[in-house]
Amino acid sequence: LLVSKDLGKHLLEVEDLLQKHGLLEADISAQTDRVQALNAAALKFSELEGYQPCDPQIICNRVNHVQTCLEELGELAGKRRKELEDSRQLWAFFQEMEEAEAWIREKEQILAAKTCGRDLSSVLTLTNKHKSMLGELGSRRALLHQTMKRGEQILAKKRFSPGGIQEKMREVRLRWKKLEEVTGLHQQRLQEALNFFQFSAETDDLVAWLQDTYRIVSSDDFGHDDYSTQALLRKHRAVVEEVEKHRAAVLALRKQLALLAPEHRQGVDVQIRVVEVEQLYGEVAEVAVLRQQWLQDALAVYRMFSEVHACEVWVDEKEQWLERMEVPEELDEVEVVQHRCVGGDGNGTRCLGPLPHQRTHRSPLLPRFESLDQEMNSVMGRILDVNQVVQQLVDGGHPSSEEVRSCQDHLNSRWNRVVELVEHKKSQLSSVLKIQNYLLEC
6 LLVSKDLGKH LLEVEDLLQK HGLLEADISA QTDRVQALNA AALKFSELEG YQPCDPQIIC
66 NRVNHVQTCL EELGELAGKR RKELEDSRQL WAFFQEMEEA EAWIREKEQI LAAKTCGRDL
126 SSVLTLTNKH KSMLGELGSR RALLHQTMKR GEQILAKKRF SPGGIQEKMR EVRLRWKKLE
186 EVTGLHQQRL QEALNFFQFS AETDDLVAWL QDTYRIVSSD DFGHDDYSTQ ALLRKHRAVV
246 EEVEKHRAAV LALRKQLALL APEHRQGVDV QIRVVEVEQL YGEVAEVAVL RQQWLQDALA
306 VYRMFSEVHA CEVWVDEKEQ WLERMEVPEE LDEVEVVQHR CVGGDGNGTR CLGPLPHQRT
366 HRSPLLPRFE SLDQEMNSVM GRILDVNQVV QQLVDGGHPS SEEVRSCQDH LNSRWNRVVE
426 LVEHKKSQLS SVLKIQNYLL EC
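Mind the numbering: the sequence shown is residues 6 to 447 in my numbering, read in order.
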């Protein structure tokens, strides 16, 4: 048993042989104690004086022989154990290499069957799985490195044929290198797919935002008065700022597209998508500018209408007052009216004041007005401003040009009517004053 050349043909067999060898060593150890006791007893016969049943030299030689055989047996047992342990180390190395090869084949099959996903969600899932596999790959790399070191140690002992060990190590290294190349390639493809789907998702989000913004800036709601139009204009300016902020994102689409993998950036659909985004952004920006101008024009119109309304209220009031006013015939009353209406400047300015209904005193029912001179000059300035705004709106091609022009014409006609009434009343007052002066001189 101790000189057997059978060192096992696989790890389990070697483990079985080591177990058997351990039992044999235990038996040798037990027999060693027994032999030592027998040798000690035999040596006592060689030391007897007088009658000796056997030659002492023969006893010593026999004891030495038994001791030598026992030592040789121990050496053989130790040598056998060393050989079996080396064999176990060898077959453990081969088994670890086989397990490494099996793991490599499994991962190669998985990588060969893997796709890069159909959308952003699936790509992210595959990317997370690939990261887990990279972690497992790192752990396996450390184990394989330790196995390779043990193989080199086996080769350094030169107890076994180096051919099989070196061949196995070379095969595993090549397969591992190929696996790392395939893993790196798959990771690159996943990253390219991730970049593409992220680009597509960002583009879709940008398109959705532009479409929503287009619906906002193309609205036909321009308010119904000054206040509502100002509110819409403030909101629109905020939208215009957002549109301007998105300009950089739209301009960056071309650069992002150039960074994609050739198989992605050369696709007709993605190139068309980028062109559509650029065109849509251009339309949104253009319509936003137009809407801002329309809102400003609408605000100008509503402000003009408000100013016209204020002027017409004043015109109505003065027109009614002028139509109700009666020119007095007495000199003292004429002078009072002239002083109030003409303003005491002697030049016949356009100002009319309240006139009494009776000859001797002013009626408390008549409204009390200040001089019309400053009022008419102020209102005339406002009307001129209205005419200027109307002209700007008409020249700018405002869609409500006819309505605005009609409102202007109506206001101007009302104003001319008031001016004519004032001039008429002034003329009447002047005539009465001349007559009264003539009568006084006579």
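Glycine included, C-beta positions come from ideal geometry on N, C-alpha and C.
| Check | Outcome |
| --- | --- |
| Proximity below 9 Å, CB of Trp-420 to CB of Ile-388 | yes |
| Closest by C-alpha distance to His-135, when choosing among Gln-196, Leu-148, Met-102 | Gln-196 |
| Through-space distance from Thr-120 to Trp-108, alpha-carbon basis | 20 Å |
| Near the ligand COA: Val-313 beta-carbon under 8 Å from a heavy atom | With respect to small molecules bound, the structure shown includes none, and the ligand COA cannot be examined in it. |
| Range of the contiguous alpha helix (DSSP H) that encloses Glu-260 | Here residue 260 turns out to be Lys, not Glu, going by the sequence shown. Looking at the DSSP string, the run of the alpha helix (DSSP H) that includes Lys-260 is 252 to 264. |
| Span separating the alpha-carbon of Gln-396 from that of Leu-438 | 43 Å |
| Rounded straight-line distance, which links the Cα of Lys-323 to that of Val-423 | 7 Å |
| Close beta carbons around Val-399, own chain, < 8 Å, minus the five adjacent residues each side | Ser-406, Val-409, Arg-410 |
| Through-space distance from Val-279 to Leu-131, alpha-carbon basis | 27 Å |
| Contacts around Arg-180, its chain only, beta-carbon distance under 7 Å, and the 5 residues preceding and following it disregarded | Glu-106, Ile-109 |
| Inter-stretch contact (C-beta, 8 Å, three-pair minimum) for the stretch 214 to 232 and the stretch 148 to 160 | no |
| Within 9 Å, strictly: CB atoms of Glu-380 and Trp-319 | yes |
| Test item: CB-CB of Val-306 and His-403 under 9 Å | yes |
| At least 3 beta-carbon pairs within less than 8 Å: the stretch 23 to 35 vs the stretch 95 to 106 | no |
| Distance, Phe-201 Cα to His-269 Cα | 7 Å |
| Given 8 Å, three or more beta-carbon pairs between the stretch 237 to 246 and the stretch 217 to 226 | yes |
| Outcome for Asp-302 when other beta-carbon atoms lying within 10 angstroms are tallied against a minimum of 16 | buried |
| Range covered by the alpha helix (DSSP H) that runs through Cys-316 | 273 to 329 |
| Close Cβ partners of Gln-1 (< 7 Å) along its chain, the five nearest in sequence each way excluded | Since the first and last residues shown for the chain are 6 and 447, residue 1 lies out of range. |
| Inside the stretch 386 to 447 only - alpha helix (DSSP H) runs reaching at least 4 residues | 406 to 446 |
| Proximal residues to Asp-124 (C-beta, below 8 Å), its chain only, five neighbours per side dropped | Phe-202 |
| Exposure of Gly-122, with buried meaning 16 or more beta-carbon neighbours within 10 Å | buried |
| Own chain partners of Leu-237 with C-beta closer than 8 Å, once the 5 adjacent residues on each side are dropped | Asp-226, Phe-227, Gly-228, Leu-300 |
| Where Thr-120 sits in the DSSP three-state scheme | coil |
| Asn-417 vs Asn-382 beta-carbon contact at 9 Å | no |
| 8 Å Cβ shell around Val-282 - same chain, five flanking residues per side excluded | Thr-208, Leu-211, Val-212, Leu-215, Val-255, Leu-258 |
| Residue burial classification, Ser-92 (beta-carbon count within 10 angstroms, cutoff 16) | buried |
| Beta carbon of Val-40 nearer than 9 Å to that of Gln-62 | no |
| Cβ-Cβ distance between Thr-188 and Leu-142 below 9 Å | yes |
| Contact check, Lys-183 vs Glu-113, beta carbons under 9 Å | yes |
| Residue nearest to Lys-162 in terms of C-alpha spacing, selected from Glu-88, Ser-137, Met-138, Leu-190 | Glu-88 |
| Leu-22 burial status per 10 Å Cβ neighbour count (16 or more: buried) | buried |
| C-beta contact flag for Leu-129 and Leu-190 at 9 Å | no |
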